[in-house]
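*Asks:* Questions regarding the structure given below will be posed in turn.
Residue numbers (my numbering), protein chains in the order written: chain A, 1 to 115; chain L, 1 to 111.
Next comes the structure, spelled out in structure tokens:
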């Protein structure tokens, strides 16, 4: 079974630009969550999508947004990039329902560097 | 607010020297506690889910246990390939369904 795929793997942007990251979940998984990982803050939850609807949102500014398509693929967008947005962005694909409910399987991440 | 604290921050072991990593948590109704392994520059790799106090799970040299306040990841006779950062996360029944992660334990196993 193929794992979670994320594209691109690496991105370099400058302040003020915007960026779109893509995630394809494990086949059959309908939940996609996004996390930001930095050395100082660790792994922090951005948002979760389930069946094309945002089900949960973390404490990030509105510059961070996302969406999910009917095939469960998800994108996240960051507008007006700031230096502090440099991080590893991780997508997690999850089951939902009866146990093992919502075990989340992570992709390799997209390393975003903002100059 | 859900909180997860992992200790120690870093641990250096000799090959074959068994030890335990600790994950203390506070959560408003535990739905699940998760252990992940993360290698540098890669996404976390799922290891275990524990649902209730007293539960134990094993995989090769790793064994995870759960009480009402903490979880332990026991590493028996570790090998250099076990070197990684081990992350603990909790999910609550109420509120957001997101995982709340600890800051991790960096494990180095020397030959």
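Ideal placement from N, C-alpha and C gives every residue a C-beta, glycine not left out.
1) In chain A, what lies closer than 9 Å to residue 99(L) by C-beta?
2) Which whole-angstrom value is the C-beta distance of residue 73(L) and residue 64(L), which I expect to be below 8 Å?
3) Counting contacts by CB-CB distance shorter than 7 Å, is residue 43(L) in contact with chain A?
4) Note down, in chain order, every chain A residue with its Cβ under 7 Å from the Cβ of residue 103(L).
5) Is it the case that the Cβ atoms of residue 100(L) and residue 4(L) are separated by a distance below 7 Å?
6) Do the segment 102-110 of chain A and the segment 65-75 of chain A make contact, defined as three or more Cβ pairs closer than 8 Å?
7) Let me check understanding here. Comparing Cα to Cα, which of 87(L), 81(L) and 97(L) lies closest to residue 21(L)?
8) Just checking my contact of residue 54(A) with residue 47(A) at CB under 8 Å: how many whole Å lie between their CB atoms?
9) With 7 Å as the threshold, decide whether the Cβ of residue 8(A) is near any Cβ in chain L.
10) If contact means a Cβ-Cβ distance below 8 Å, which residues of the segment 41-66 of chain L contact chain A?
11) DSSP three-state call for residue 66(A): helix, strand or coil?
12) Shortest alpha-carbon distance to residue 26(A) belongs to which of 75(A), 92(A), 57(A) and 44(A)?
13) Using a Cβ cut-off of 7 Å (strictly closer), state whether residue 66(A) contacts chain L.
14) Here's a check: name, in chain order, each residue in its chain whose Cβ is nearer than 6 Å to the Cβ of residue 26(L), leaving out the five neighbours to either side.
*Replies:* So, to answer that:
1) What residue 99(L) touches in chain A: 33, 35, 43, 45, 92, 102 and 104.
2) Sure, about 5 Å apart at Cβ, within 8 Å.
3) Chain A contact via Cβ: present.
4) 42
5) yes
6) no
7) Looking at the Cα atoms, 87(L) is the closest of the given residues.
8) 6 Å
9) no
10) 41, 42, 43, 44, 45, 46, 49 and 51
11) strand
12) 92(A)
13) no
14) 3
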